[in-house]
Amino acid sequence: MPPVDRLQPRFVDYIPDDVEAGVLYVSQRFSTAAHLCCCGCGREVVTPLNPAKWSTVELV
125 MPPVDRLQPR
135 FVDYIPDDVE
145 AGVLYVSQRF
155 STAAHLCCCG
165 CGREVVTPLN
175 PAKWSTVELV
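Residue numbers for the sequence shown follow the numbering used here, so the first one is 125 and each next one is one higher.
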């Protein structure tokens with residue numbers, strides 16, 4: 125899998141079992157984000173969204 129330099133956000137209730145490359149899944153319900161590692165290794169990265177450390181901002 126080639127490296128990824130940009131992630132497309134996708135807001136979901138549940139993180140899917142099969143995570144697509146180049147997609148940042150954001151579950152506001154569970155305060156979690158997940159994506160495949162951008163280096164191309166294919167590992168799944170899961171980040172708990174906590175206002176003290178990580179958060180999301182939706183620009184309209």
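No residue lacks a Cβ here, since even glycine has one placed at the ideal position from N, Cα and C.
{"query": "Out of Gly164, Cys163, Cys165 and Lys177, point me to the one whose CA is closest to Ala157's CA.", "result": "Lys177"}
{"query": "Per DSSP, Tyr149 forms a beta bridge with which residues?", "result": "Arg134 and Ala158"}
{"query": "Could you tell me which residues DSSP pairs with Glu168 in its beta bridges?", "result": "Leu160"}
{"query": "Ordered along the chain, which non-local residues of its own chain (more than five positions away) have a Cβ less than 6 Å from that of Val136?", "result": "Tyr149 and Ser151"}
{"query": "Please report how far the alpha carbon of Leu160 lies from the alpha carbon of Pro127, in whole angstroms.", "result": "10 Å"}
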